[in-house]
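J.: Please find one structure pasted underneath; my questions will follow.
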Amino acid sequence: MTSGEKAAAYDPFDPVGLPDSDRELIDPDDLRQFEKALNAPEASPLVAINDWRPINQRVRKSRGRRQTPKRSKDETREGVLYTVLKWPFLFTVFAWISVLSCGYVLVRVYIFLYEQWVTWRGKRERLRRDLSAQNNYADWLTAAQALDAYLGTEKWKQTDEYAYYDHLTINKVVAQLKKTRQEAEFEMQHGRTSSSDLPAVEDLRTLLEACVKNNFSGVENPRLYSETYSGTKDLVQEYIDEVHACIRLVLDSQQVERESKYQHFKHLDTNFGRTALCLSGGATFAYYHFGVVKALLDNGVLPEIITGTSGGALVAGLVATRTDEELKRMLVPALAHRIRACHEGFATWVRRWWRTGARFDTLDWARQCSWFCRGSTTFREAYERTGRILNVTCVPSDPHSPTILANYLTCPDCVIWSAVLASAAVPGILNPVVLMTKRRDGTLAPYSFGHKWKDGSLRTDIPIKALNLHFNVNFTIVSQVNPHINLFFFSSRGTVGRPVTHRKGRGWRGGFLGTAIEQYIKLDLNKWLRVLRHLELLPRPMGQDWSEIWLQKFSGTVTIWPKSIPSDFYHILSDPSPERLARMIHVGQQSAFPKIQFIQNRLKIESEIMKGLQQGSVTGGRLPSPILSRRFQNPEHELSDAMVQRLDESYPERNRSRYKDESHFVEGPDGMSQSTASSRPQTPTSRRGSFMEEMRRQSAVFFDDSDLYGEEDALTT
């Protein structure tokens, strides 16, 4: 019986099928250490009791000579005109923002009615309903192809020309790749016919180094997947398949030296970048993430780099600490029996809020959260167990320190459940918490001098820049469920797998006039919010700058927006029932299905590059840790394939001394240091002509522009 059949054998509504469903995975001593850290005095004596109760300290007047008082206010807030004009200007701007907001709601209602009454009618509506009723991707794809056939989008796929990518270059590259690959395959089977030229596989490597780049010639532009419900241009798909075949040929070739092959794949990895799944915050709206993860997992396209913020951090913690087999048994409606964060009554909440300024108890949440994070598992332990790289965004409670992206590089021994709690500590909902770190003897201690941390969504809901810095991530899959942002998401020309409903996907949502009004109002709202922030006119309740919850970037290369319903707002701070969680999982899957083709094409190339890095890392003298040795001795080990290169390169030379005593590395005869100079011989320019020369010139460029593609921010789309 396969793992999928085993998962299906359990009743999805029965909690007995959940792994560790009846166990508390956290040690009581860990909770006591956490409570002790929470109650420890802060480094500064002037600290508020909680977010709602400011500092009130009696100041003794000095006797004798009068002293000049110290200035305690910001310089920009002390001018006369600032004091006089602040509140009138703030009132005027907020009044105008209110008018714009009402106008925006009216425009969106008009566009909704336009689409429902004008475009979604007859057979098209029946096909769409059939599409939304599917529970697995295979059936969804069949229904999507039927809808595409009815709309006549197959002709669009067969036409190479399109304004959003360079079809001429792609045609040339595909032809050259095919020709060179066939020559390389012939030489591998029959041997080389001439000794004067280098093997054809060397020319193939040069071509790959030139075209395997992030969004090469626009082939990863989301618009290429936004004209149909399934698939993309035939030429784009042919290019992806050909590049995949060429990379696999180089990977299997015996004509390329071991070190040369490793440097080649390292170059491809640098140019192409990596993919990450980003799960946003959103209180109980975050349970839609379970359906998104399930859809990606079931179709083999779940990225190994996962980041979560606030409610999304809880889902990310579950995903990063469980293997694929465990996740398939856990992403079911029965999981609702383990979600008990809001089990207390209203009277208990009111008393606690009056006493502590928070609605929920921190220790109770720590106990509940630890089950999802597999007890007091650290970021490094989760990585070693599953091969997934977990990232959690935490904001320091003071307004001056920078946001931290907790992962196995920045804080490897930090306990995951403490970071998840910190990322979910919304002021007024949960008080700031202390991050905990695991010592060598297994006991817990405060991390970062016992400083406190709070909700990551306040500053960085989607940490794209930090992911790029730490892991070279330049392709992000964002599952966005924030309720205050969902209303403002509007893709005027369609999104991946969701084309515009009329004019066969070539028109504008609601017509050009409706789209133009929507764009103008949203941009004007964004402008006035930025004016208020830059002029420092916004009040700061609880000492927190709240402007970033509107003005930060909330989208990625691919943005998944699960469709919420009005009752979700009523249950925003309540535990889901199995029936409600089943609906949220289904909706999350439905929102992810249209994106799977795009993600598959991306990971199809990325996974082959990772295999090349593994092969070079293990056989090229760069000895891995004992964990990776076990992985290759036992192919059924639960670690993922891409873990080899990740563990091998993630601990740089400057950090190795810390882990020598812990046996995390095995020193080889030549150590960890390797020459980065490629041993690939120079290919003569006479073999392929001017086209090959141009490919070699392009292969020297590592990065393309970072803003060539990607959906825009929610408030600026």
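So the sequence shown is numbered by my numbering: it starts at 7 and just counts up by one.
Here a beta-carbon is modelled for each residue, glycine too, at the ideal position from N, C-alpha and C.
In this structure, does DSSP put P25 in helix, strand or coil?
T.: P25: coil per DSSP, three-state reduction.
J.: Give the C-beta separation of A322 and V440 to the nearest angstrom, bearing in mind that I take them to be a contact with Cβ-Cβ under 8 Å.
T.: Not confirmed; about 20 Å, so no contact.
J.: Using only alpha-carbon positions, find the residue among Y453, G448, I491, L450 that is nearest to I468.
T.: Ranking Y453, G448, I491, L450 by Cα distance to I468 puts I491 first.
J.: When the Cα of K267 is compared with those of L24, T392, L210, which residue comes out closest?
T.: Comparing Cα-Cα distances from K267 to each of L24, T392, L210, the minimum goes to L210.
J.: Anyone know if the C-beta pair for A5 and L320 falls short of 8 Å?
T.: This structure cannot settle anything about residue 5, because the visible part of the chain is limited to 7 through 723.
J.: Can the beta-carbon of P489 be found less than 8 Å from the beta-carbon of Y294?
T.: No, these two residues do not count as a Cβ contact at 8 Å.
J.: What three-state label does DSSP hand S485 in the structure shown?
T.: DSSP places S485 in strand when its eight states are reduced to three.
J.: On the DSSP letters alone, give me the boundaries of the beta strand (DSSP E) that T565 sits inside.
T.: It spans 564 to 566 - the beta strand (DSSP E) in which T565 sits, taken as one unbroken run.
J.: From the DSSP output, in three-state form, read off I578 for me.
T.: I578: coil per DSSP, three-state reduction.
J.: Considering only their Cβ atoms, is the gap separating Y120 from G516 smaller than 8 Å?
T.: A contact, by the Cβ cut-off of 8 Å.
J.: Give me the DSSP bridge partner(s) of R280.
T.: Looking at the DSSP assignment, R280 forms a beta bridge with V479.
J.: Out of P433, C420, I483, G318, which has the shortest C-alpha to C-alpha gap to F455?
T.: Closest by alpha carbon: C420.
J.: Distance, Cα to Cα, H196 vs A190?
T.: Their backbone Cα atoms lie some 10 Å apart in a straight line.
J.: So if DSSP puts W459 in a beta bridge, which residue, or which two residues, is it bridged to?
T.: In the DSSP output, where bridge partners are listed per residue, W459 has P402, V439.
J.: Taking only three categories from DSSP, how would you classify D20?
T.: Note: D20 maps to coil in three-state DSSP.
J.: Where does C375 fall in DSSP's three states?
T.: Helix.
J.: When the Cα atoms are used, what is the spatial distance from Q122 to D28?
T.: If you take the alpha carbons of Q122 and D28, they lie about 47 Å apart.
J.: What are the start and end residues of the beta strand (DSSP E) that includes P788?
T.: Missing from the structure shown is residue 788; the chain here goes from 7 to 723 and no further.
J.: Does the beta-carbon of F97 have 16 or more other beta-carbons within 10 angstroms, so that it is buried, or is it exposed?
T.: Exposed is the call here.
J.: Quick one: what does DSSP say I410 is sitting in, helix, strand or coil?
T.: In this structure, I410 counts as strand in the three-state DSSP scheme.
J.: From the DSSP output, in three-state form, read off I312 for me.
T.: Reduced to three states, the DSSP call for I312 is strand.
J.: Grab the span of the alpha helix (DSSP H) containing E387 for me, first residue to last.
T.: Run containing E387: 385 to 392, per the alpha helix (DSSP H) assignment.
J.: Quick check: S463 and G287, are their CB atoms within less than 8 Å of each other?
T.: Yes; because the gap between Cβ atoms is below 8 Å, this pair is in contact.
J.: Within 10 angstroms of the Cβ of E226, are there 16 or more other Cβ atoms? Answer buried if so, exposed if not.
T.: Label assigned to E226: buried.
J.: Suppose contacts are defined by Cβ-Cβ distances below 8 Å. Is D240 in contact with K163 by that definition?
T.: Yes, these two residues count as a Cβ contact at 8 Å.
J.: What does a CB cutoff of less than 6 Å around S498 pick up in its chain, not counting 5 residues either side in sequence?
T.: The residues are W514, R515, T521.
J.: Count the other CB atoms, across all protein chains shown, that sit within 10 Å of the CB of P25; report buried if there are 16 or more and exposed otherwise.
T.: Classification for P25: exposed.
J.: Less than 7 Å between C-beta atoms, sequence neighbours within five positions excluded: which residues of the same chain meet that for R130?
T.: Cβ within range, chain order: Y156.
J.: For T416, which three-state DSSP category applies?
T.: DSSP places T416 in coil when its eight states are reduced to three.
J.: So what does DSSP say about V115, is it helix, strand or coil?
T.: DSSP places V115 in helix when its eight states are reduced to three.
J.: Indicate whether L427 and T368 have their beta-carbon atoms separated by less than 8 Å.
T.: Contact flag set, yes.
J.: Contact between the stretch 576 to 594 and the stretch 321 to 339: three or more CB pairs below 8 Å?
T.: A contact exists between the stretch 576 to 594 and the stretch 321 to 339.
J.: Which residues mark the beginning and the end of the alpha helix (DSSP H) in which K334 is found?
T.: That run of the alpha helix (DSSP H) goes 330 to 336.
J.: Exposed or buried, which one is Y576 when buried takes at least 16 other CB atoms within 10 Å?
T.: It is exposed - the Cβ of Y576 has fewer than 16 other Cβ atoms within 10 Å.
J.: Taking V113 as the reference, give the member of D172, W93, L519, G618 with the closest Cα.
T.: For the residues D172, W93, L519, G618, the minimum Cα distance to V113 belongs to L519.
J.: Are there 16 or more other CB atoms within 10 angstroms of the CB of P545, so buried, or fewer, so exposed?
T.: Burial call: exposed.
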